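Numbering (my numbering), first residue to last: 2 to 700. Where is the CB? At the ideal position from N, CA and C, for every residue including glycine. Keep in mind it's a predicted model, so treat the numbers as computed, not measured. The structure appears right after this line, and notes come after that.
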């Protein structure tokens, strides 16, 4: 119920009560008393009730208003607190900036104090006193407006400070660029432009990024000036110059870029005055180092970028013909030193990698001997060299030794890495031609490959002058090989091949056993490759030692269909099957079988192995019909063929396999499988049928 409604209800209640009393007076005392009560009593009761009601409402309103004033006072005090703390933080982080609002802050703090709120302007802490309950609410609203004005002034002032800081830093960097100590100015920070109206956090981020970039630029200039003092000719007041640079670094720590640049330029001017007469000698020293690098001819052993850098620096040096700007010479000097040292470091790393390759390889004795420089490190030594002439001399010595070591190590490491493939070519050519010359090998360093083969194999002769590798004079013997199959069957053709110093092959046709003879086999160890000529049996590869006439036996073991189908498949088909199983089951339920001719979600080369593995994990059988692999239900096939023999063949009937598959079978299994199942069903002669190559015939 609203306040107005409550008031109306109260007044109405008083009127009703007064009327009731008047009626009672009329009844008990007569009309005259009632008349006086209506004229005097009723108005008195109504006025008294309303007076008491209004006093209660006013009392309650007063309590609510005090609470509101206190709440509003706290809210505005917190605004002032945030303003104070932001100003304090900015002045602590940026001592060069002053908000210029101290008097205003003191004034506002005094106004707060008048209204019962005390402030500590150092920390921003405040306290709401008891007197705040009776404070003037309008005064707090006025203070809120003043606080907002100060915040706007602070933001504008800090934005102006950011623009001035950018100008100050740019001026300092421009001074360094004007004298050639740096290449150019830094990046752009549009947040610091006065017309961008950036917020204080945006300005802070931009100022901090600008200072970080400027610090790196000025540090580069300090390093350039310090590099000027290095070399054969030292300044007389080197300590004073170094002190200037240290003062520049100290100023840089304070982000006092103007002072830092002043100290840098002062140090540069000192050097410039003293070195103006030694410009030619310094440039000649740089030319000498460049010539040393070019004469070393290390292009084959370092990255082409290093060679390009040396050429570029050389061009820069040639363009300099005056000592008026010493920094223009000191910068390429510093870059030249760094590039030369980096070249040595890269050559040392490459040599270490090549030697590690050779150490890990099983090398024949005498193939490679490590030079002493393998375990030496010269980068620190070169970095400590202040004299360019001394650096050039030492650099040339080290580069010469590293080049020689790399020439040998990199060549032999490359030969060792590729030897496995090249050795097969050498061996094949030896077997076919009896000798191998360097031109027979289509690669670099053919003599190294032939030499390594000679060291690793007996019975060969090597002439490095040609170079040529020949088979030596060896004894020969006859080798008889007896071939057997684990299981008999149709006639098979086994192929036997001897390699490694002897190239010959023989074939044996047999159902279960046979023999072949190799004559004049050179003494030594050879590789026998035996192909059974039947995928149901596993091929054989074995080493055979021939040092007398002898006979050996080769037995081809039968292998299951899975081994045949999964040969050469490196993928874990069991893991792959986990995702494929639902799809294969759906195909089988729809078609009654699954074959490689179907659209399977796997590469064609992996499909046969996948079906073989799946058949092993189910109750289904797998068979091969030419290039097609079929997974089928053997029990279902037996049931279908039993029904055919029992109900569809009369005495003298002949049913071709094509008709049988088309009309009665759910799976396209090959004919040997059909014949096997029919023989199993008719094992006791119950159906009097025979099978041929093309049909089932009933007797």
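Candidates the options: closest to residue i by CA position
i: residue 485; options: 675, 512, 118, 265; result: 512
i: residue 538; options: 370, 208, 495; result: 495
i: residue 504; options: 301, 510, 514, 519; result: 519
i: residue 489; options: 339, 394, 559; result: 559
i: residue 455; options: 388, 414, 506, 364; result: 364
i: residue 430; options: 420, 442, 631; result: 442
i: residue 94; options: 169, 202, 75; result: 202
i: residue 240; options: 251, 227, 252; result: 227
i: residue 459; options: 343, 470, 661, 465; result: 470
i: residue 75; options: 107, 616, 104, 142; result: 142
i: residue 467; options: 446, 487, 457, 473; result: 446
i: residue 659; options: 647, 675, 653; result: 675
i: residue 193; options: 588, 161, 413; result: 161
i: residue 585; options: 574, 602, 575, 573; result: 602
i: residue 89; options: 282, 462, 125, 554; result: 125
i: residue 268; options: 229, 218, 258, 303; result: 229
i: residue 242; options: 270, 482, 388, 359; result: 270
i: residue 693; options: 655, 645, 210, 222; result: 655
i: residue 472; options: 424, 523, 210; result: 523
i: residue 557; options: 568, 546, 542; result: 542
i: residue 612; options: 311, 574, 531; result: 574
i: residue 699; options: 647, 597, 663; result: 647
i: residue 418; options: 588, 167, 355; result: 355
i: residue 1; options: 215, 206, 633, 204; result: Look at the range of the chain in this structure, 2 to 700, and you will see that residue 1 is not part of it.
i: residue 288; options: 149, 311, 83; result: 311
Inter-residue CB distance, residue i and residue j (contact presumed, cutoff 8 Å)
i: residue 262; j: residue 173; result: 4 Å
i: residue 701; j: residue 416; result: Beyond the ends of the chain as shown, which are 2 and 700, falls residue 701; an answer cannot be given.
i: residue 642; j: residue 670; result: No, residue 642 and residue 670 are not in contact; Cβ-Cβ is about 10 Å, not under 8 Å.
i: residue 132; j: residue 117; result: 4 Å
i: residue 497; j: residue 407; result: About 47 Å separates the two Cβ atoms, so there is no contact after all.
i: residue 1; j: residue 212; result: What is shown of the chain runs 2 to 700, which leaves residue 1 out entirely.
i: residue 631; j: residue 594; result: 6 Å
i: residue 225; j: residue 272; result: Not quite, the Cβ-Cβ distance comes to about 11 Å (not below 8 Å), so this is no contact.
i: residue 144; j: residue 170; result: Not really, about 38 Å apart at Cβ, beyond 8 Å.
i: residue 682; j: residue 650; result: So it is not a contact: roughly 12 Å between Cβ atoms.
i: residue 448; j: residue 439; result: 6 Å
i: residue 258; j: residue 215; result: 6 Å
i: residue 453; j: residue 290; result: Their Cβ separation, rounded to whole angstroms, is 39 Å, which puts residue 453 and residue 290 out of contact at 8 Å.
For residue i, the first and last residue of its enclosing beta strand (DSSP E)
i: residue 527; result: 525-532
i: residue 610; result: No beta strand (DSSP E) holds residue 610; the alpha helix (DSSP H) holding it covers 608-617.
i: residue 624; result: 622-626
i: residue 674; result: It is not in any beta strand (DSSP E) - residue 674 instead sits in the alpha helix (DSSP H) that spans 672-682.
i: residue 556; result: 551-557
i: residue 374; result: Neither: residue 374 is in no beta strand (DSSP E) and is coded neither H nor E.
i: residue 657; result: 655-657
i: residue 129; result: 127-129
Residue i - containing alpha helix (DSSP H), residue span
i: residue 161; result: 138-179
i: residue 307; result: 305-320
i: residue 225; result: 201-229
i: residue 648; result: First-last for residue 648: undefined, no H or E at that position.
i: residue 486; result: Segment 477-486 is the beta strand (DSSP E) holding residue 486; no alpha helix (DSSP H) there.
i: residue 461; result: Element bounds for residue 461: not the alpha helix (DSSP H) but the beta strand (DSSP E), 461-464.
i: residue 119; result: No alpha helix (DSSP H) holds residue 119; the beta strand (DSSP E) holding it covers 118-120.
i: residue 280; result: 280-297
i: residue 563; result: 562-566
i: residue 95; result: Careful: residue 95 lies outside any alpha helix (DSSP H) and carries neither H nor E.
i: residue 643; result: 635-644
i: residue 380; result: 380-384
Those residues which DSSP pairs with residue i across a bridge
i: residue 699; result: 690
i: residue 506; result: 498
i: residue 544; result: 528
i: residue 423; result: Residue 423 pairs with nothing; no bridge assigned.
i: residue 596; result: 631
i: residue 437; result: 470
i: residue 522; result: 478
Cutoff 9 Å: residue i Cβ touching any chain C Cβ
i: residue 352; result: Looking at the structure shown, chain C is missing, and only one protein chain is on hand.
*Given 8 Å as the limit, is there contact between the stretch 403-412 and the stretch 362-374, that is, 3 or more CB pairs closer than that?*
Verdict: yes, contact present.
*Looking at C-beta atoms only, is the number of pairs between the stretch 546-558 and the stretch 469-483 that lie closer than 8 Å three or more?*
Contact between the stretch 546-558 and the stretch 469-483 is present, because at least three Cβ pairs lie under 8 Å.
*Spell out a yes or no on whether the stretch 69-85 and the stretch 134-150 are touching, meaning 3 or more CB-CB pairs, one atom from each, closer than 8 Å.*
Taking a cut-off of 8 Å on C-beta distances, the stretch 69-85 touches the stretch 134-150, as three or more cross pairs fall below it.
_Segment contact, 8 Å Cβ cut-off, at least three pairs: the stretch 143-157 with the stretch 95-111_ = Because the criterion of three Cβ pairs below 8 Å is met, the stretch 143-157 and the stretch 95-111 touch.
_Stretch pair the stretch 560-568 + the stretch 578-586: three plus CB contacts closer than 8 Å_ = The stretch 560-568 vs the stretch 578-586: no contact.
*asked:* Does the stretch 246-253 come into contact with the stretch 294-303, if we say contact requires no fewer than three beta-carbon pairs (one atom in each stretch) closer than 8 Å?
replied: These segments do not touch.
*Using 8 Å as the threshold, is the stretch 376-394 in touch with the stretch 328-345, meaning 3 or more CB pairs across them?*
With the cut-off at 8 Å, the stretch 376-394 and the stretch 328-345 touch.
*Are the stretch 617-635 and the stretch 660-677 touching by the rule of at least three beta carbon pairs closer than 8 Å?*
Yes: at least three Cβ pairs fall under 8 Å.
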